[in-house]
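Protein chains in written order, with full-length UniProt numbering: chain A, 1 to 115; chain B, 1 to 115.
Virtual Cβ for every residue (Gly too), placed ideally from N, Cα, C.
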DNA sequence: CCCGTACTCAAGCATCTGCTTTATCAAGCG
DNA sequence: CGCTTGATAAAGCAGATGCTTGAGTACGGG
């Protein structure tokens, strides 16, 4: 019954994806690791700003960070994306099931009357 | 070329899903339409607050609203969810392709050396 | 040891959010 | 018509967000 924890996770996940800079970082990282400096150059933004975006992404589980010399390279954690997809797919499945039911009933009634 | 428009759409979509009340409204609507009043009772919230959440959801394309007597029933638009999924899946696909490449190269090298 | 590089921490600031209260509106009932 | 019901509009407010600047911190080269 730790549903609340899942909700927090989903809050962090979707909130992280709700910003286009962070979404673009995700896309960028899907094709390989990157450092803070590289990302700052890419987005014409200070390293501080990028660092804050990365903190949001890290809290959401979408990325993780290592250490290599003076750099803190970050990499994508695609399992977090899978969590988001599975939440969405559950809603879509419920909806699809209901529509199947409606179609069936409509086919039975063959008519739209007292609605 | 209208990539900006898509980005705006994704901003609205993921931002809408970044709030647990709105996510729960999506889940609720996946099993049928609902009115503002019904949702307000469900979340122990004023109708005004629900109305604002619904506006966010509507702007994102996740729901649409009709009119029936004094009520404004809202229903889910699952195609918007599909947009979110397809964005996510593209990142995951890119990542998976890259990992395949890495695996292949690692198998060729048969060794982890100068790392 | 000093210096540059990569980065984080902290504070400030404008803007956005989520919610409230108050006021208003439109539809239908008596 | 007056009144209730379902809903929106507007304004206000505490708290979050996205960014900035300024001040550290940690690592490594010379």
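Going by C-alpha to C-alpha distance, which of A:26, A:67, A:8 sits closest to residue 19 of chain B? A:8
Which chain B residues sit within Cβ distance under 8 Å of residue 11 of chain A? 18, 19, 20
On a CA-only basis, which of A:77, A:87, A:102, A:46 is nearest residue 32 of chain A? Give me that one, please. A:77
Residues that residue 104 of chain B contacts on chain A, provided the C-beta gap is smaller than 8 Å: Simply none; closest approach about 15 Å.
May I ask you to verify whether the stretch 42–58 of chain B touches the stretch 85–93 of chain B, counting CB pairs closer than 8 Å and requiring at least 3? no
Integer Cβ distance of residue 84 of chain A from residue 13 of chain A, believed to fall under 8 Å: 5 Å
Backbone secondary structure at residue 44 of chain A - three-state DSSP: coil
CB residue 75 of chain B to CB residue 60 of chain B, shorter than 8 Å? no
Span of the alpha helix (DSSP H), counted from its first residue to its last, around residue 30 of chain B: 20–30
Does residue 7 of chain B get closer than 8 Å to chain A when you measure Cβ to Cβ? yes
Cβ pair residue 62 of chain B, residue 34 of chain B closer than 8 Å: no
CA-to-CA distance, residue 45 of chain A to residue 11 of chain B, given in whole angstroms: 19 Å
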